[in-house]
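Chemist: In the numbering used here, each residue's number is its place in the sequence shown (first place is 1) plus 52.
We put the CB at the ideal spot given by N, CA and C, even for glycine.
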Amino acid sequence: MNIGLVSHVKVLYKMILPNNGLDDVLYIIQHIQTYKSSSGVHNMYSYVLTSSESSACGLVLDVGKEYLLSGTFYNGEYHTSTCFQVVTDDPADNFSGNLMEWKDVTSAFENRLHSFQC
Numbered sequence: 053m054n055i056g057l058v059s060h061v062k063v064l065y066k067m068i069l070p071n072n073g074l075d076d077v078l079y080i081i082q083h084i085q086t087y088k089s090s091s092g093v094h095n096m097y098s099y100v101l102t103s104s105e106s107s108a109c110g111l112v113l114d115v116g117k118e119y120l121l122s123g124t125f126y127n128g129e130y131h132t133s134t135c136f137q138v139v140t141d142d143p144a145d146n147f148s149g150n151l152m153e154w155k156d157v158t159s160a161f162e163n164r165l166h167s168f169q170c
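(1) Write down the C-beta distance between T132 and V100 rounded to the nearest angstrom, noting that I regard them as a contact closer than 8 angstroms.
(2) Can the beta-carbon of E118 be found less than 8 angstroms from the beta-carbon of H60?
(3) In whole angstroms, what separates the C-alpha of C135 from that of C109?
(4) Note down the Cα distance separating L69 from L113, rounded to an integer number of angstroms.
(5) Ordered along the chain, which non-local residues of its own chain (more than five positions away) have a Cβ less than 6 angstroms from that of V138?
(6) Look at the alpha carbon of L78 and the alpha carbon of Y97, and state the distance between them as a whole number of angstroms.
(7) F168: buried (16+ other C-beta within 10 angstroms of its C-beta) or exposed?
(8) Please list the terminal residues of the continuous alpha helix (DSSP H) segment that includes F161.
(9) If you check the beta carbons only, do E105 and L74 fall under 8 angstroms apart?
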């Protein structure tokens with residue numbers, strides 16, 4: 053799967069969707085700035101799905117926080133996981149991890165996002 057969307061988002065709401073064993077988490081999000089979206093994606097989804105389990109690459113997002121979030125589209129829905137995240141690899145940005153809170157995005161990295169290829 054390819055990354056279909058890279059966006060600065062704010063998490064507004066979290067809901068667990070029971071699914072017979074491996075639950076999904078639905079986050080209601082607000083897109084603040086979209087850096088890249090795959091061709092054919094014209095509507096910004098107001099929600100994103102992820103697994104409730106970190107062992108299945110699920111992300112834990114905090115309501116009220118802002119993130120640089122990336123993910124993909126399949127089955128008509130926007131999905132994200134730890135495997136799809138775009139993070140800086142520049143040592144000068146002083147970041148390590150697999151999900152960037154927006155407060156950790158430097159202006160230099162944000163400028164590089166504009167040339168990011170999905």
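Modeler: So, from the data block:
(1) In the sequence shown, counting from the first residue as 1, residue 132 sits at position 80. In the sequence shown, counting from the first residue as 1, residue 100 sits at position 48. Yes, T132 and V100 are in contact; Cβ-Cβ is about 5 angstroms, under 8 angstroms.
(2) Taking the first residue of the sequence shown as position 1, residue 118 is located at position 66. Taking the first residue of the sequence shown as position 1, residue 60 is located at position 8. Going by C-beta atoms, E118 is nearer than 8 angstroms to H60.
(3) Within the sequence shown, the letter at position 83 stands for residue 135. Within the sequence shown, the letter at position 57 stands for residue 109. Distance between the alpha carbons of C135 and C109 is about 7 angstroms.
(4) Working through the sequence shown from its first residue, we reach residue 69 at position 17. Working through the sequence shown from its first residue, we reach residue 113 at position 61. Approximately 15 angstroms, taken between the alpha carbons.
(5) Here residue 138 refers to the residue found at position 86 of the sequence shown. So the qualifying residues of the chain are V58, S122.
(6) Here the question's residue 78 lines up with position 26 in the sequence shown. Here the question's residue 97 lines up with position 45 in the sequence shown. Distance between the alpha carbons of L78 and Y97: 12 angstroms.
(7) One-based indexing of the sequence shown puts residue 168 at position 116. F168 is exposed by the Cβ-count criterion.
(8) Your numbering for residue 161 matches position 109 in the sequence shown. Under the DSSP assignment, F161 falls in the alpha helix (DSSP H) whose first and last residues are 159–165.
(9) Stepping through the sequence shown from its first residue, residue 105 is reached at position 53. Stepping through the sequence shown from its first residue, residue 74 is reached at position 22. Yes; because the gap between Cβ atoms is below 8 angstroms, this pair is in contact.
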